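Participant: Residue numbering for the sequence shown follows numbering that gives the first Met the number 0, beginning at 0 and increasing consecutively.
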Amino acid sequence: MNNINHFFRNAKIKSAPSYLAIAIIVIYIIATNYNSKNWEKENHVIVNDIKLYYAYLPAIFIYNDLSFDFVYEDFEKHKKHLWFIESPKGDRTLITTFGMAMAYSPFFLITRAIAPLLGYESEYSLPYKFALIFSSLFYVLLGLFFIRKLLLKYFTEIVTSITILIIGLGTNLFIYTTREAPMPHAYEFGLISTYLFLVYKWYEKPKIIYTFWVGFLAGLITLIRPTNILVLLILFFWGITSFEGMVQRVRFFIRSYKLVIIMIGSFILIWIPQFLYWYDISGSIFFYSYEKSGGNFYFANSQIFNQWFSYRKGWLVYTPIMIFAITGFVFLARNRKELFMPVLIYFLAMVFILSSWWSWWFGGGFGIRSYIDMYGVLAIPIAATLTAGLKSKVPVKIVILSLVGFLIFLNLFQTFQYRKGIIHYDSMTKKAYWSVFLKKRRPANFYQLLEKPDYQKARKGVYEIVPNYYSKD
Numbered sequence: 000m001n002n003i004n005h006f007f008r009n010a011k012i013k014s015a016p017s018y019l020a021i022a023i024i025v026i027y028i029i030a031t032n033y034n035s036k037n038w039e040k041e042n043h044v045i046v047n048d049i050k051l052y053y054a055y056l057p058a059i060f061i062y063n064d065l066s067f068d069f070v071y072e073d074f075e076k077h078k079k080h081l082w083f084i085e086s087p088k089g090d091r092t093l094i095t096t097f098g099m100a101m102a103y104s105p106f107f108l109i110t111r112a113i114a115p116l117l118g119y120e121s122e123y124s125l126p127y128k129f130a131l132i133f134s135s136l137f138y139v140l141l142g143l144f145f146i147r148k149l150l151l152k153y154f155t156e157i158v159t160s161i162t163i164l165i166i167g168l169g170t171n172l173f174i175y176t177t178r179e180a181p182m183p184h185a186y187e188f189g190l191i192s193t194y195l196f197l198v199y200k201w202y203e204k205p206k207i208i209y210t211f212w213v214g215f216l217a218g219l220i221t222l223i224r225p226t227n228i229l230v231l232l233i234l235f236f237w238g239i240t241s242f243e244g245m246v247q248r249v250r251f252f253i254r255s256y257k258l259v260i261i262m263i264g265s266f267i268l269i270w271i272p273q274f275l276y277w278y279d280i281s282g283s284i285f286f287y288s289y290e291k292s293g294g295n296f297y298f299a300n301s302q303i304f305n306q307w308f309s310y311r312k313g314w315l316v317y318t319p320i321m322i323f324a325i326t327g328f329v330f331l332a333r334n335r336k337e338l339f340m341p342v343l344i345y346f347l348a349m350v351f352i353l354s355s356w357w358s359w360w361f362g363g364g365f366g367i368r369s370y371i372d373m374y375g376v377l378a379i380p381i382a383a384t385l386t387a388g389l390k391s392k393v394p395v396k397i398v399i400l401s402l403v404g405f406l407i408f409l410n411l412f413q414t415f416q417y418r419k420g421i422i423h424y425d426s427m428t429k430k431a432y433w434s435v436f437l438k439k440r441r442p443a444n445f446y447q448l449l450e451k452p453d454y455q456k457a458r459k460g461v462y463e464i465v466p467n468y469y470s471k472d
């Protein structure tokens, strides 16, 4: 009995740092959300694109009307919440898929049952806003939990703990779990992180239950953001270190064709409501809604350099701690070859696709928000860098840990700046960036330092600024 108690005490102590790291992140997120109380504010939470992700839920569960006729029956109530595009059949529809509505739906339905008891009737009232913010935290917590489990298969407890802190507090994931909570990126982070762990488990032991959930999660991930279909690259390349390994993997899939069929079936299953809806409004099970708004990819004019280094929104400018992910590929190639190829191929493919989108800065936001989806995967090369650094001599360890600490502080401080409008959402320049660096106030000439991107030209793949846009300010 004493030996059993001793075992469990040791297990708890050994796992305590990584659980503590998750707890710190969750507490900080909750404290930030409580301090902001965005659910009490009129023009917060269900705003901008979130209106469109969310709109399917009241349309289905309250009004039973996906034609959205109810909007015009009470136009004063709904006019500020929705805008439509026209389908090929002439029907009104939304530009977004069902994906985020599905992610929100458990929290919406619970709130739907509780809100009237609290005296709230409107689907845009306080309880619904609160539920959406909480749902974001749920998916992030889910992602951190499974990333922890995966990292501990390959790295130490201390490396895993620091990596979790980097992801949760050192990146723009934090602001997309607080101020920008119901945007898709925190949800995709959680789902892709869970998917990643299930891929690991599937190759360890390809049970039917793992097979189903790998396919189902890949389907949901793709339904939320179709470009994330590239997570299937991770499934194919997982554990492969050579060309011969790729040949063997193809043979494995052929031998395991029954499992592959189950996986494809579960992938399609989550898409069936979307296919039926698209067929109803367009006559085809596939409908590219973004074409109506000029949503194009320019693969011959990808903006990788700008997407990484531009002062407007550059990934490594506003999330510099991700340099640990970039350096980590070197250490993966040396020490964890079975992880190197799946992570690198997925990362490069995603970077190319995302940098080819017409708005390479992805509209308003803090940093390159679309990269947040990948952070669960990028935790692996981050952990590889930390492993190498913490095996070095003491001065190197001190430098690494000091840099991690400073960059986490910088991210949290710049998150504060973004919330206060000290960092602009889409018009920053080099001069504007350094004029507010580590400062709590903007200079008097701040708006004269900004440069507004020309969105109309960008839709055509031409990247220029709007002359004198802020001169009036």
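Backbone N, C-alpha and C fix where the C-beta goes; we use that ideal spot for every residue, glycine too. Remember, predicted model here, so these are calculated numbers, not experimental data.
Given K336, which residues of its chain have a CB within under 6 Å of its CB, disregarding the five upstream and five downstream residues?
Facilitator: Result list for K336: T240, in chain order.
Participant: Could you say which of I269, L409, I228 lies nearest to I438 if we only look at CA atoms?
Facilitator: Note that residue 438 is Lys in the sequence shown here, rather than Ile. Closest by alpha carbon: L409.
Participant: So for F6, helix, strand or coil by DSSP?
Facilitator: Below a pLDDT of 50, predicted positions are generally treated as unreliable, and F6, at 45, falls in that range; no measurement from the model is reported.
Participant: Just to confirm my understanding: we take Y202, look at its own chain, exclude 5 residues before and 5 after, and list those with CB closer than 8 Å. What are they?
Facilitator: The answer, listed in chain order, is W237, G238.
Participant: What did DSSP end up calling F296 once you bin it into helix, strand or coil?
Facilitator: F296 falls in the strand class under three-state DSSP.
Participant: Less than 8 Å between the beta carbons of A58 and L131, yes or no?
Facilitator: Going by C-beta atoms, A58 is not nearer than 8 Å to L131.
Participant: Roughly how many angstroms separate the alpha carbons of I76 and V70, rounded to a whole number?
Facilitator: Per the sequence shown, residue 76 should be read as Lys rather than Ile. When rounded, the distance between both Cα atoms is 8 Å.
Participant: In three-state terms, what does DSSP make of R91?
Facilitator: Strand.
Participant: Please return the same chain residues whose Cβ sits closer than 7 Å to the Cβ of I284, not counting the five positions on each side in sequence.
Facilitator: F274, W277, Y278, listed in sequence order.
Participant: First and last residue of the alpha helix (DSSP H) that includes F412?
Facilitator: F412 -> alpha helix (DSSP H) spans 393-418.
Participant: From G214 to S265, what distance separates their C-alpha atoms?
Facilitator: Taking the straight line joining both Cα atoms gives about 5 Å.
Participant: Does DSSP put P115 in a helix, in a strand, or in coil?
Facilitator: Three-state result, P115: helix.
Participant: If contact is defined by three or more beta carbon pairs under 8 Å, each pair taking one atom from either stretch, is the stretch 245-264 in contact with the stretch 368-377?
Facilitator: Taking 8 Å as the limit for Cβ pairs, the verdict is that the stretch 245-264 does not touch the stretch 368-377.
Participant: List the whole-angstrom C-beta distance separating I165 from I381, where the pair is believed to meet the contact cut-off of C-beta under 8 Å.
Facilitator: With 8 Å as the limit, I165 and I381 qualify as a contact, their Cβ atoms being about 6 Å apart.
Participant: Taking only three categories from DSSP, how would you classify I422?
Facilitator: DSSP places I422 in coil when its eight states are reduced to three.
Participant: What are the boundary residues of the alpha helix (DSSP H) that V158 is part of?
Facilitator: Taken as a continuous stretch (DSSP letters only), the alpha helix (DSSP H) holding V158 covers 156-168.
Participant: Which residues in the same chain as S301 place their Cβ atom closer than 7 Å to its Cβ, once the five residues preceding and following it in sequence are excluded?
Facilitator: Closer than 7 Å at Cβ, skipping near neighbours: F351, S354, S355.
Participant: Keeping to the same chain, check which residues put their C-beta closer than 6 Å to that of L449; ignore five residues upstream and five downstream.
Facilitator: Closer than 6 Å at the Cβ level, and outside the excluded window around L449, lie H423, S426, A431, Y469.
Participant: Between the beta-carbon of A332 and the beta-carbon of F339, is there less than 8 Å?
Facilitator: Taking 8 Å as the Cβ cut-off, A332 and F339 qualify as a contacting pair.
Participant: Report yes if the CB atom of S309 is closer than 8 Å to the CB atom of A457, and no otherwise.
Facilitator: The answer is no: Cβ separation not under 8 Å.
Participant: Cβ-heavy atom distance between S292 and the ligand NAD below 7 Å?
Facilitator: The ligand NAD is not part of the structure shown, which contains no ligands of any sort.
Participant: Kindly list the residues whose CB is nearer than 8 Å to the CB of F298, restricted to its own chain and excluding five residues on each side of it in sequence; keep chain order.
Facilitator: Result list for F298: F351, S355, in chain order.
Participant: So, is Q416 buried or exposed, given that buried needs 16 or more other C-beta atoms within 10 angstroms?
Facilitator: Its Cβ being crowded by 16 or more others within 10 Å, Q416 is buried.
Participant: Would you mind giving the Cβ-Cβ distance between T95 and Y62, rounded to the nearest angstrom? I have them listed as a contact below 8 Å.
Facilitator: Actually they are not in contact, since the Cβ atoms of T95 and Y62 sit about 17 Å apart, beyond 8 Å.
Participant: For a test of the three-state rule: what should DSSP assign to W356, helix, strand or coil?
Facilitator: Note: W356 maps to strand in three-state DSSP.
Participant: What's the C-alpha gap between G169 and I24?
Facilitator: Computed Cα separation, rounded: 10 Å.
Participant: Looking at the structure shown, is P466 part of a helix, part of a strand, or coil, going by DSSP?
Facilitator: Coil.
Participant: Is it buried or exposed for E187, if we count other Cβ within 10 angstroms and need 16 for buried?
Facilitator: Result: buried.
Participant: Under 8 Å by Cβ, that's how I've got I174 and T414 pegged, so tell me the actual separation to the nearest angstrom.
Facilitator: Correct: roughly 5 Å between the Cβ atoms.
Participant: Ignore the nearest five residues each way along the sequence and tell me which others in G362's own chain have a CB closer than 7 Å to its CB.
Facilitator: Cβ within range, chain order: D425.
Participant: Less than 8 Å between the beta carbons of F323 and L389, yes or no?
Facilitator: Not a contact, by the Cβ cut-off of 8 Å.
Participant: Can the beta-carbon of A54 be found less than 8 Å from the beta-carbon of S135?
Facilitator: In this structure, S135 does not lie closer than 8 Å to A54 by Cβ.
Participant: Go ahead and label W360 buried or exposed: buried means 16 or more other beta carbons lie within 10 angstroms of its beta carbon, across all protein chains shown.
Facilitator: Buried, because 16 or more other Cβ atoms sit within 10 Å of the Cβ of W360.
Participant: I need the DSSP call for E85, collapsed to helix, strand or coil.
Facilitator: Reduced to three states, the DSSP call for E85 is strand.
Participant: Decide if S66 is buried, meaning its Cβ has at least 16 other Cβ atoms within 10 Å, or exposed.
Facilitator: Counting Cβ neighbours within 10 Å, S66 comes out exposed, since fewer than 16 surround it.
Participant: In three-state terms, what does DSSP make of P16?
Facilitator: In this structure, P16 counts as helix in the three-state DSSP scheme.
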